[in-house]
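A.B. asks: I am attaching a structure below and will ask some questions about it afterwards.
2 protein chains.
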Amino acid sequence: MKVTRSVKNPIIAPKDVKPSREDFEVVCVFNCGVIRFQGKVLLMLRVAERPKARHGNEVRTVFYDHIQEKITVKSFEKDMPGIGLHDSRYIYTPERIYLSSMSHFRLATSTNGIDFDIDEQPCMEAANVYEMYGIEDPRITKIGDDYWVNYSACSTIGGVTTCLAVTRDFKNFERKGVMFTPDNKDVAIFPEKIHGKYYALNRPISAEYKLKDIWISESPDIEAWGNHRFLISTREGYWDDGRIGCSAVPFRTEAGWLEIYHGASKDNVYCLGAVLLDLEEPWKVISRSENPIMLPEEDYEINGFFGNVIFNCGVLVEEGIVKIYYGAADTYIGYAEVALQDILDDLK
Amino acid sequence: MKVTRSVKNPIIAPKDVKPSREDFEVVCVFNCGVIRFQGKVLLMLRVAERPKARHGNEVRTVFYDHIQEKITVKSFEKDMPGIGLHDSRYIYTPERIYLSSMSHFRLATSTNGIDFDIDEQPCMEAANVYEMYGIEDPRITKIGDDYWVNYSACSTIGGVTTCLAVTRDFKNFERKGVMFTPDNKDVAIFPEKIHGKYYALNRPISAEYKLKDIWISESPDIEAWGNHRFLISTREGYWDDGRIGCSAVPFRTEAGWLEIYHGASKDNVYCLGAVLLDLEEPWKVISRSENPIMLPEEDYEINGFFGNVIFNCGVLVEEGIVKIYYGAADTYIGYAEVALQDILDDLK
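The listed protein sequences derive, respectively, from chains A and B. Going by full-length UniProt numbering, the first sequence opens with residue 1, and the numbers climb by one from there. Going by full-length UniProt numbering, the second sequence opens with residue 1, and the numbers climb by one from there.
What follows is the structure, given as structure tokens:
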């Protein structure tokens with residue numbers, strides 16, 4: 001399959017994003033939601049920041065403190081008893097585990113889809129007990145005049161959850177709470193009703209049965225979900241034999257609903273593939289990619305905070321082109337184009 | 001607290017239940033839903049059966065085969081290579097794990113609440129891929145003329161789930177699918193709307209954060225659920241420090257919604273306690289039992305298929321008495337009465 005990456009890739013890097021506070025630094029800018037809004041391409045960036053150390057023996061963390069009800073910075077001495085700093089993602093302390101960075105959402109807009117103006121402040125940030133460790137991986141679904149945003153959130157109280165919000169202007173976001181009981185993330189809401197019901201893909205985890213599969217759920221109103229059904233699972237011996245989850249918001253094609261999903265192999269190489277679902281009964285699978293549409297090949301996809309990752313939270317489909325804005329190596333945002341017909345031909 | 005057990009306890013034992021097939025035997029009759037229906041006490045019994053071995057070297061399992069779409073019996077030689085029979089609940093084979101028994105639901109009715117007429121055939125049994133390992137722990141909520149039944153179901157495809165069905169006559173049950181994404185069980189639906197919304201307690205599992213807590217969710221229509229919120233967790237050093245889950249369908253009192261829940265200690269002693277929730281905002285906890293209301297004390301509660309268990313799926317509250325029908329040692333059904341006022345006084 002011919003995938004054309006932008007020559008300007010990565011189109012957004014951490015250095016392009018201003019920290020939200022003077023004492024913070026931006027570590028990663030990656031998995032972004034995308035929509036066309038007021039004629040422009042609008043990205044909702046996941047920006048991961050961390051508090052800068054103020055001296056050589058300091059390490060600091062940031063989290064949402066649900067007791068104080070505010071985002072809070074905490075400082076540790078690197079040589080304090082019981083501290084663990086061996087994994088760059090975490091700060092282990094005797095009391096509990098902290099993350100070394102926290103994500104918020106930042107808007108970026110562009111007229112050409114490649115060069116983006118990036119806001120200086122977050123449009124959404126952690127604001128309740130379920131979002132203790134920040135907010136991650138936004139996906140945007142336009143239904144009528146409403147833009148529904150769902151995103152992952154983690155906490156020691158709520159586990160791994162997906163939260164829901166709605167906006168009309170990308171300035172005011174009305175939070176609608178946790179969408180599915182934990183653990184469940186990688187959620188994508190279909191952009192229209194099908195025979196009177198809304199549908200969403202999601203990825204629950206059954207610890208008891210060791211399952212991390214994609215399910216499909218239905219709703220009368222986008223806020224409440226039921227009749228949850230298993231849809232597809234990992235495939236032994238394939239590129240997606242380790243874990244799968246939905247990525248892009250599904251979109252309508254003549255052949256069926258097309259979902260660009262992510263799959264990882266057992267050795268953690270994250271690729272994108274496609275699954276085609278029945279237009280009338282979207283819980284029925286028509287076909288699925290034998291091989292990935294995109295896999296990590298470029299340096300900025302292979303090397304980063306967490307390497308060998310291509311991760312997507314949304315695409316634009318315009319004039320027969322699938323425009324993919326994707327997180328690369330959990331550090332950058334890349335852009336690539338694929339002809340829709342190529343994906344559909346591959347699924348035949 | 002004064003708990004009065006029936007002198008006829010256990011009021012129902014496996015020997016009282018006729019197997020649904022001649023080649024099966026009833027192993028356990030326990031966790032039952034309860035409601036007053038057409039003037040009588042109606043129990044929806046969880047009956048666990050297993051196929052009888054036909055010769056000394058045989059062990060047989062029963063499960064719902066979703067490929068063949070029927071309940072299927074499978075036979076193994078006890079000395080086949082790779083078989084594991086060390087745990088009485090399971091049959092381990094190289095191919096997969098089977099259960100040694102499978103549960104269905106059986107109706108039992110009584111005019112005096114103690115002596116029951118038990119149907120000879122199931123009213124509900126495993127019927128789809130999510131119910132591969134049977135159906136368990138029914139809870140009944142009456143809303144208008146509808147009786148909503150939710151129950152646990154397990155499978156290698158769906159994990160640990162809760163399914164929903166509705167009936168008006170306890171003969172025809174309309175299935176409504178999986179209520180919450182896996183793993184989630186111990187679900188109880190409130191019997192009335194509160195400010196325009198239905199509510200349900202449930203017990204999701206976060207494997208990632210090692211959480212097994214009670215949550216509360218809301219719904220416009222009982223079938224679709226959203227705005228999931230953490231409610232209560234296990235308590236270190238208490239009788240419920242191992243795991244908790246809701247038990248009875250909550251009921252309205254002057255002091256608040258009263259939920260009889262189950263808690264297990266870290267050494268797996270299952271007791272009943274109570275939690276009082278705000279009448280107008282049921283996601284707010286007013287108080288919670290310091291000590292259990294009921295704990296396993298009698299021989300039939302201590303010794304059985306899985307001993308030291310008192311487990312409840314519903315109560316009748318009549319004339320100031322909380323009438324508790326409970327599973328004892330995962331083998332029998334017991335009956336006990338507690339004065340409602342005693343429970344409320346204990347929660348002050």
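Beta carbons: idealized from backbone N, C-alpha and C, even for Gly. Since the model is a prediction, treat every value here as computed from it, not as a measurement.
With distances taken between CB atoms, is the gap from tyrosine 98 of chain A to phenylalanine 63 of chain A smaller than 8 Å?
C.D. replies: As a working mapping, residue 98 of chain A is identified with position 98 in the first sequence. As a working mapping, residue 63 of chain A is identified with position 63 in the first sequence. Yes.
A.B. asks: Tell me where the alpha helix (DSSP H) around aspartate 299 of chain B begins and ends.
C.D. replies: The count along the second sequence starts at 1 and reaches residue 299 of chain B at position 299. Unbroken alpha helix (DSSP H) run through aspartate 299 of chain B: 299-302.
A.B. asks: Alpha helix (DSSP H) containing leucine 45 of chain A: first to last residue?
C.D. replies: As a working mapping, residue 45 of chain A is identified with position 45 in the first sequence. Looking at the DSSP string, leucine 45 of chain A is not in any alpha helix (DSSP H); the run it does join, the beta strand (DSSP E), is 40-51.
A.B. asks: Counting only the same chain and skipping the five closest in sequence on each side, list residues whose C-beta sits under 6 Å from that of valine 166 of chain B.
C.D. replies: Stepping through the second sequence from its first residue, residue 166 of chain B is reached at position 166. For valine 166 of chain B, where only same-chain residues beyond five positions count, the Cβ hits under 6 Å are Asp146, Trp148 and Glu174.
A.B. asks: For the 8 Å Cβ check, are there 3 or more pairs between the segment 24-42 of chain B and the segment 328-345 of chain B?
C.D. replies: Yes: the two stretches touch, three or more of their Cβ pairs being nearer than 8 Å.
A.B. asks: Mind checking who leucine 295 of chain A pairs with in its DSSP beta bridge?
C.D. replies: Walking along the first sequence from the start, residue 295 of chain A turns up at place 295. DSSP lists no partner for leucine 295 of chain A.
A.B. asks: Inspect the CB distances between the segment 309-323 of chain B and the segment 238-258 of chain B and report whether three or more fall short of 8 Å.
C.D. replies: The answer is yes - the segment 238-258 of chain B touches the segment 309-323 of chain B, with three or more Cβ pairs under 8 Å.
A.B. asks: How long is the line joining the alpha carbons of arginine 252 of chain A and arginine 46 of chain B, rounded to whole angstroms?
C.D. replies: Counted from its first residue, the first sequence places residue 252 of chain A at position 252. Counted from its first residue, the second sequence places residue 46 of chain B at position 46. Cα to Cα, the separation comes out at about 45 Å.
A.B. asks: DSSP on aspartate 16 of chain B, reduced to helix/strand/coil?
C.D. replies: Mapped onto the second sequence, residue 16 of chain B falls at position 16. Aspartate 16 of chain B falls in the helix class under three-state DSSP.
A.B. asks: I want to see whether chain B comes within less than 8 Å of glutamate 208 of chain A, judged by CB atoms only; does it?
C.D. replies: Within the first sequence, residue 208 of chain A is the residue found at index 208, counting from 1. For glutamate 208 of chain A, the answer is yes, since a Cβ of chain B falls inside 8 Å of its Cβ.
A.B. asks: Leaving out the 5 sequence neighbours to the left and right, which residues in its chain are closer than 6 Å to aspartate 231 of chain B when beta-carbon positions are compared?
C.D. replies: Here residue 231 of chain B is taken as the residue at index 231 of the second sequence, counted from 1. According to the sequence as given, residue 231 of chain B is leucine; it is not aspartate. These residues qualify, in order along the chain: Ile214, Trp215 and Ile216.
A.B. asks: CA-CA distance, glutamate 319 of chain B and alanine 200 of chain B?
C.D. replies: Walking along the second sequence from the start, residue 319 of chain B turns up at place 319. Walking along the second sequence from the start, residue 200 of chain B turns up at place 200. Cα to Cα, glutamate 319 of chain B sits roughly 25 Å from alanine 200 of chain B.
A.B. asks: Quick one, which residues of the segment 174-185 of chain A are near chain B if we go by CB-CB under 7 Å, in chain order?
C.D. replies: From the segment 174-185 of chain A, only Lys176, Gly177, Val178, Met179, Phe180, Thr181, Pro182, Asp183 and Asn184 have a Cβ closer than 7 Å to chain B.
A.B. asks: Quick check: alanine 126 of chain B and isoleucine 140 of chain B, are their CB atoms within less than 8 Å of each other?
C.D. replies: Here residue 126 of chain B refers to the residue found at position 126 of the second sequence. Here residue 140 of chain B refers to the residue found at position 140 of the second sequence. The answer is no: Cβ separation not under 8 Å.
A.B. asks: Alpha carbon to alpha carbon, how far is glutamine 341 of chain A from phenylalanine 306 of chain A?
C.D. replies: Your numbering for residue 341 of chain A matches position 341 in the first sequence. Your numbering for residue 306 of chain A matches position 306 in the first sequence. One C-alpha to the other measures close to 32 Å.
A.B. asks: Between which two residues does the alpha helix (DSSP H) carrying aspartate 183 of chain A extend?
C.D. replies: If you number the first sequence from 1, residue 183 of chain A lands on position 183. Aspartate 183 of chain A -> no alpha helix (DSSP H), and no H or E assigned at all.
A.B. asks: Thinking arginine 16 of chain A and isoleucine 118 of chain A are a contact (beta carbons under 8 Å), I'd like their distance in whole angstroms, please.
C.D. replies: Numbered from 1 along the first sequence, position 16 holds the residue referred to as residue 16 of chain A. Numbered from 1 along the first sequence, position 118 holds the residue referred to as residue 118 of chain A. The amino acid occupying residue 16 of chain A in the given sequence is aspartate; arginine does not appear at that position. Rounded, the Cβ-Cβ distance is 6 Å, consistent with contact.
A.B. asks: Could you check whether the Cβ of isoleucine 11 of chain B sits closer than 8 Å to any Cβ belonging to chain A?
C.D. replies: Along the second sequence, one-based indexing puts residue 11 of chain B at 11. By this cut-off, isoleucine 11 of chain B is not an interface position.
A.B. asks: Using a beta-carbon distance below 8 Å, is proline 204 of chain B in contact with chain A?
C.D. replies: Within the second sequence, the letter at position 204 stands for residue 204 of chain B. Yes, its Cβ sits closer than 8 Å to a Cβ of chain A.
A.B. asks: When you compare only the Cα positions, how much space is there between valine 129 of chain B and glutamine 68 of chain B?
C.D. replies: Counting from one through the second sequence, the residue named residue 129 of chain B turns up at place 129. Counting from one through the second sequence, the residue named residue 68 of chain B turns up at place 68. For valine 129 of chain B and glutamine 68 of chain B, the distance between alpha carbons rounds to 11 Å.
A.B. asks: Any beta carbon from chain A within less than 8 Å of asparagine 268 of chain B's own beta carbon?
C.D. replies: Here the question's residue 268 of chain B lines up with position 268 in the second sequence. No, asparagine 268 of chain B does not count as interfacial toward chain A.
A.B. asks: I'd like the list of long-range same chain contacts for glycine 273 of chain A, defined as Cβ closer than 8 Å, with 5 residues on each side in sequence excluded.
C.D. replies: In the first sequence, counting from the first residue as 1, residue 273 of chain A sits at position 273. Result list for glycine 273 of chain A: Trp239, Asp240, Ile260, Tyr261, His262, Gly263, Arg288, Ser289, Asn291, Pro292 and Ile293, in chain order.
A.B. asks: If you draw a straight line from the C-alpha of isoleucine 308 of chain A to the C-alpha of asparagine 268 of chain A, how long is it?
C.D. replies: To locate residue 308 of chain A, count along the first sequence from 1; it is residue 308. To locate residue 268 of chain A, count along the first sequence from 1; it is residue 268. The residue you asked about is not isoleucine; residue 308 of chain A is asparagine in the sequence shown. Cα to Cα, asparagine 308 of chain A sits roughly 7 Å from asparagine 268 of chain A.
A.B. asks: Does isoleucine 157 of chain A come within less than 8 Å of chain B when only Cβ atoms are used?
C.D. replies: Numbered from its first residue, the first sequence carries residue 157 of chain A at position 157. Interface residue, yes.
A.B. asks: On the CB-based measure, 16 or more other CB atoms within 10 Å of its CB, does histidine 86 of chain A come out buried or exposed?
C.D. replies: The sequence position of residue 86 of chain A within the first sequence is 86, counting from 1. Histidine 86 of chain A should be labelled exposed.
A.B. asks: In terms of alpha-carbon separation, which member of B/Asp278, B/His228 and B/Ile189 lies closest to tryptophan 257 of chain B?
C.D. replies: Here residue 257 of chain B refers to the residue found at position 257 of the second sequence. Considering only alpha carbons, the answer is B/Asp278.
A.B. asks: Which residues in chain B have a C-beta closer than 8 Å to the C-beta of tryptophan 215 of chain A? List them in chain order.
C.D. replies: What you label residue 215 of chain A is simply residue 215 of the first sequence in a count that begins at 1. By Cβ distance, chain B contributes Thr181.
A.B. asks: For aspartate 183 of chain A, does the count of other Cβ atoms within 10 angstroms reach 16, so buried, or fall short, so exposed?
C.D. replies: For the purposes of this step, residue 183 of chain A is taken as residue 183 along the first sequence, with counting starting at 1. Buried, by the Cβ-count rule.
A.B. asks: Can the beta-carbon of serine 206 of chain A be found closer than 8 Å to that of valine 160 of chain B?
C.D. replies: Residue mapping note: residue 206 of chain A aligns to position 206 of the first sequence, counting from 1. Residue mapping note: residue 160 of chain B aligns to position 160 of the second sequence, counting from 1. Yes, Cβ-Cβ distance for serine 206 of chain A and valine 160 of chain B is below 8 Å.
A.B. asks: Give the DSSP-derived three-state secondary structure of tyrosine 133 of chain B in the structure shown.
C.D. replies: What you label residue 133 of chain B is simply residue 133 of the second sequence in a count that begins at 1. Of the three classes helix, strand and coil, the one that applies to tyrosine 133 of chain B here is coil, per DSSP.
A.B. asks: Which chain E residues sit within Cβ distance under 7 Å of proline 220 of chain A?
C.D. replies: Judged by its chain identifiers, the structure shown contains no chain E, and its protein chains are A and B.
A.B. asks: Quick check on the DSSP output: the beta strand (DSSP E) that includes leucine 99 of chain A runs from which residue to which?
C.D. replies: Numbered from its first residue, the first sequence carries residue 99 of chain A at position 99. That run of the beta strand (DSSP E) goes 97-99.
A.B. asks: What span of residues does the beta strand (DSSP E) with leucine 272 of chain B cover, start to end?
C.D. replies: Your numbering for residue 272 of chain B matches position 272 in the second sequence. Residues 270-277.
A.B. asks: Run through chain B and tell me which residues come within less than 8 Å of arginine 229 of chain A, C-beta to C-beta.
C.D. replies: To locate residue 229 of chain A, count along the first sequence from 1; it is residue 229. Those are Gly177 and Val178, listed as they occur along chain B.
A.B. asks: Please identify, using Cβ separations under 7 Å, the residues of the segment 274-293 of chain B that lie next to chain A, in order along the chain.
C.D. replies: The segment 274-293 of chain B vs chain A, Cβ under 7 Å: nothing.
A.B. asks: Less than 6 Å between C-beta atoms, sequence neighbours within five positions excluded: which residues of the same chain meet that for leucine 295 of chain B?
C.D. replies: One-based indexing of the second sequence puts residue 295 of chain B at position 295. Closer than 6 Å at Cβ, skipping near neighbours: Cys271.
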